[in-house]
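Residue numbers for the sequence shown follow numbering that gives the first Met the number 0, beginning at 0 and rising by one.
We put the beta carbon where it would ideally sit given N, CA and C, even for glycine.
Let me begin by presenting the structure, written as structure tokens, before commenting on it.
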Amino acid sequence: MLTSNPPHSREDVPTDDALSIGISRLPRHERAMSIDRDEEDEGKATVELAAIMTTASNPVSPGPSSPPLDQSRTQDFVPPARPSSTPFPQPEHRADIQCLTCPADEMMGLEGPGTSEMPDMQAPSPTEPARMSLNDLPAEIHECILDHLFGFRVSTTSKSSIVRWGTALRHSRRKELSELALLSPVWRGLIQERLYRHIKIKATSDSMNDFLDWFVMHEHLRPYVKHVELWFPVFEPKYSLQTLANLNTLPTVTVDGLTQTSYTLPVDNCSLEDAFEVIAMMLPDVCVLTLEGGERKKAPKVRLTSHHAGTNAWFNNGLIYMPKLHSVRTLVTKGQWNLIRSERDFEVIMSSLPNLEEWHGYYSKPKSKSYLTMATILPRLPANLTTLELCIEGDYRRELNFPPYFLKVSNKLHFCKMLADAAPALEHLSYTGRVCRIFFDLVALQTDPRTTKLKSIDLTVKNCCRHVTHWNESGSGITDMNFIRAFESLVISGIRSLTKLKALEYLRIRYVDLDSPIPQLNPFFTLHKDLAQGVWSSEIVGELSRARPGAGFEYLDDTFGEIVISKDGRFIVNPNHSKSKVTSLKLDNYGLLTGVQAVAGGGMSIT
Numbered sequence: 000m001l002t003s004n005p006p007h008s009r010e011d012v013p014t015d016d017a018l019s020i021g022i023s024r025l026p027r028h029e030r031a032m033s034i035d036r037d038e039e040d041e042g043k044a045t046v047e048l049a050a051i052m053t054t055a056s057n058p059v060s061p062g063p064s065s066p067p068l069d070q071s072r073t074q075d076f077v078p079p080a081r082p083s084s085t086p087f088p089q090p091e092h093r094a095d096i097q098c099l100t101c102p103a104d105e106m107m108g109l110e111g112p113g114t115s116e117m118p119d120m121q122a123p124s125p126t127e128p129a130r131m132s133l134n135d136l137p138a139e140i141h142e143c144i145l146d147h148l149f150g151f152r153v154s155t156t157s158k159s160s161i162v163r164w165g166t167a168l169r170h171s172r173r174k175e176l177s178e179l180a181l182l183s184p185v186w187r188g189l190i191q192e193r194l195y196r197h198i199k200i201k202a203t204s205d206s207m208n209d210f211l212d213w214f215v216m217h218e219h220l221r222p223y224v225k226h227v228e229l230w231f232p233v234f235e236p237k238y239s240l241q242t243l244a245n246l247n248t249l250p251t252v253t254v255d256g257l258t259q260t261s262y263t264l265p266v267d268n269c270s271l272e273d274a275f276e277v278i279a280m281m282l283p284d285v286c287v288l289t290l291e292g293g294e295r296k297k298a299p300k301v302r303l304t305s306h307h308a309g310t311n312a313w314f315n316n317g318l319i320y321m322p323k324l325h326s327v328r329t330l331v332t333k334g335q336w337n338l339i340r341s342e343r344d345f346e347v348i349m350s351s352l353p354n355l356e357e358w359h360g361y362y363s364k365p366k367s368k369s370y371l372t373m374a375t376i377l378p379r380l381p382a383n384l385t386t387l388e389l390c391i392e393g394d395y396r397r398e399l400n401f402p403p404y405f406l407k408v409s410n411k412l413h414f415c416k417m418l419a420d421a422a423p424a425l426e427h428l429s430y431t432g433r434v435c436r437i438f439f440d441l442v443a444l445q446t447d448p449r450t451t452k453l454k455s456i457d458l459t460v461k462n463c464c465r466h467v468t469h470w471n472e473s474g475s476g477i478t479d480m481n482f483i484r485a486f487e488s489l490v491i492s493g494i495r496s497l498t499k500l501k502a503l504e505y506l507r508i509r510y511v512d513l514d515s516p517i518p519q520l521n522p523f524f525t526l527h528k529d530l531a532q533g534v535w536s537s538e539i540v541g542e543l544s545r546a547r548p549g550a551g552f553e554y555l556d557d558t559f560g561e562i563v564i565s566k567d568g569r570f571i572v573n574p575n576h577s578k579s580k581v582t583s584l585k586l587d588n589y590g591l592l593t594g595v596q597a598v599a600g601g602g603m604s605i606t
């Protein structure tokens, strides 16, 4: 409660300052010292005023005023400098955080004589760097982000044996991810480079015209194309009159999934000459060329040229002129029987690829003509060819005996001899089909240890060609001991050839049977540098120590390991040393599997 003063006193009329001081209950002498203080030390007065206002705002607490705030100390912590190994080459600008204005001034809106003279430090300085955006990130960061979205790219000039261009696919969601090109100008070029890196074109006249018009209108996309895949249709739909009359309605599908549409041979397919001419004109940087001939019964052969004999497209020696694709280093031929059916077809295609280094050939179905055609081509491979991957029989199924088409081939020639003639001039050889020990014997005989270039051999064995007395002795599989002995002879011959193949670093001989009762026991032998894995016997170990003294097996297990039966009736092998893969297979133990037979449903029975 306020004390009343005499009426004649000047203090009779209460003022706002008196009320505020009375409410704050400060002593009078402190209040007088605060009023009479010189205004030179403005900062200290402002701090005290802030303390007074803070106390006055809480009339419930009658305690003394808060002590003056301490002056802010300088920052003792110095942030460390960014190491030079980080992927951000631009230095990070760090500014010292300092309090340049008093909080009370902002709260009360008071300005003293000196506050108007202080510079406005909150305004951006002209030397302050601009804000960083997505476009300012290093190129490596952009590449990592897009590799995560699109998948990692494989170099088109890679020499790795892991690369299989025959199974190279384009990104499945390339159309959805193409909208990311609108995110920033930097991403536009990077995404277009990935989208147009591998393109697939239907080799018809209409599709080639559309392809030509597109790249004429978008010239900046041409350097992005590195892999071109030409797909030659082997049939086309032929619609009935009723179907043509109801184009706006959905076709009627029967219970068997058939429609009223029939399929006939295509009539609009372009020739190889026309396709190569368009590629040579529009895509100067293409490195990989894939030709897919397709597969069907009585499939049509791809036309080499649209001209006829006697025109200016023929040379005097009978060779057709083809446009040159100088940038192509790798050729992939799928459905090769529809592309190459004779030695002349091969020479015409090779004439348009003067700088070819790799050839990956795949046949869709095994037939005698495939072996006979390749037998005439292998001795005439281009001199600059370094890598050959040939797949003649890739069904990966065991057989009970030699099929009739292979007997027709064996009566005319021995294919292993033709394959051995082509191997010494190569650096990498991968073959899937029928092979025997004669192949390695002839390769070692024709190879000069001082000039050999062969670095890797990868053989996937369909069956081992051999002389048999009865028809049931020519089968394959882990339960056929005749095949196991022939496979052992093949491995021993391959190891023996290492004495001549000084540059060979990788050797793999394997048998793949997708219907095997125990897939983990499919025989294989791998020698990578000096480490050997797979099947072994006393003859194999002795021959390896003689041919490569520094090479050897990591483990030599006398048993296959623990064989257990799973819930679905399948046999599972638990190796003795490795938890995931069998690395040691003793050949003598395959005799114990002669009574193992596959039963329906994927299980097995032991007789």
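Contact set for residue i: own chain, Cβ-Cβ below 6 Å, skip 5 residues either direction
i: Cys464; result: Arg433 and Cys435
i: Asn462; result: Arg433 and Ser475
i: Pro232; result: Pro265
i: Thr593; result: Thr478
i: Gly360; result: Thr332, Gln335 and Leu389
i: Ala421; result: Leu377 and Leu380
i: Glu105; result: Legend: pLDDT at Glu105 = 44, less than 50; position of this residue unreliable, value from coordinates given subsequently. Around Glu105: no qualifying Cβ.
i: Thr289; result: Glu228 and Val331
i: Pro522; result: Phe486, Tyr510 and Val534
i: Pro423; result: Gln445 and Thr446
i: Ser115; result: Residue confidence for Ser115 is low, a pLDDT of 47 falling below 50, so the modelled location carries little weight and cannot support an answer.
One or two residues paired with residue i in a DSSP bridge
i: Ile508; result: Leu458 and Phe524
i: Ile562; result: Val572
i: Ala531; result: Leu526 and Phe552
i: Ser583; result: Gly533
i: His435; result: A quick correction: the sequence has Cys, not His, at residue 435. In DSSP, Cys435 forms no bridge with anything.
i: Lys364; result: According to DSSP, which records beta bridges pairwise, Lys364 is partnered with nothing at all.
i: Glu538; result: Paired residue(s): none; Glu538 is not in a bridge.
i: His427; result: Thr386 and Ser455
i: Thr332; result: Leu290 and Gly360
i: Trp470; result: Partner(s): none; Trp470 has no beta bridge.
i: Val301; result: None, per the DSSP bridge assignment.
i: Trp609; result: No answer is possible for residue 609: it lies beyond the span of the chain, which begins at 0 and ends at 606.
Chain-order list of residues whose beta-carbon lies under 8 Å from that of residue i (same chain, five-residue window excluded)
i: Lys225; result: Thr155, Arg196, His197, Asp284, Val285, Cys286 and Val287
i: Arg340; result: Lys300, Lys368 and Thr372
i: Arg396; result: Asp512, Leu513 and Asp514
i: Leu542; result: The sequence given here places Glu at residue 542; Leu does not occur at that position. Result list for Glu542: Ile491, Ile494 and Arg495, in chain order.
i: Ile564; result: Phe570 and Ile571
i: His7; result: Annotation note: pLDDT 47 at His7 (below 50); position unreliable, no value reported.
i: Ser177; result: Ile190 and Leu194
i: Tyr362; result: Gly334, Gln335, Trp336, Ser369, Cys390, Ile391, Glu392 and Gly393
Integer Cβ distance of residue i from residue j, believed to fall under 8 Å
i: Leu338; j: Thr332; result: 5 Å
i: Leu229; j: Ala274; result: 5 Å
i: Arg509; j: Val460; result: 7 Å
i: Thr385; j: Leu425; result: 6 Å
i: Ala531; j: Gly551; result: 6 Å
i: Leu503; j: Leu453; result: 6 Å
i: Cys269; j: Ala202; result: 5 Å
i: Asp146; j: Ser204; result: 37 Å between Cβ atoms; not a contact.
Closer than 7 Å: residue i CB and nearest the ligand MN heavy atom
i: Ala443; result: The ligand content of the structure shown is nil, which means the ligand MN is not present either.
Distance CB(residue i)-CB(residue j) smaller than 8 Å
i: Val572; j: Phe524; result: no
i: Leu380; j: Thr446; result: no
i: Ser583; j: Tyr554; result: yes
i: Leu418; j: Tyr404; result: no
i: Val547; j: Asp529; result: Per the sequence shown, residue 547 should be read as Arg rather than Val. Cβ atoms of Arg547 and Asp529: closer than 8 Å.
i: Glu398; j: Ile376; result: no
i: Phe559; j: Leu520; result: yes
i: Met321; j: Glu272; result: yes
i: Lys585; j: Asp567; result: no
i: Ser488; j: Asn400; result: no
i: Val277; j: Ile319; result: no
i: Tyr505; j: Ser455; result: yes
i: Asp344; j: Leu303; result: yes
7 Å CB neighbourhood of residue i in its chain, flanking five on each side removed
i: Tyr370; result: Ile391, Val408 and Phe414
i: Ser496; result: Phe439, Val442 and Ala443
i: Tyr589; result: Ile477, Met480 and Ile483
i: Leu591; result: none
i: Met281; result: Leu211, Phe214 and Arg221
Inset, instruction - Within the segment 179 to 206, note down every full alpha helix (DSSP H) run reaching 4 residues or more, in order along the chain. - result: Listed in chain order, the complete alpha helix (DSSP H) runs (minimum 4 residues) inside the segment 179 to 206 are 184 to 194.
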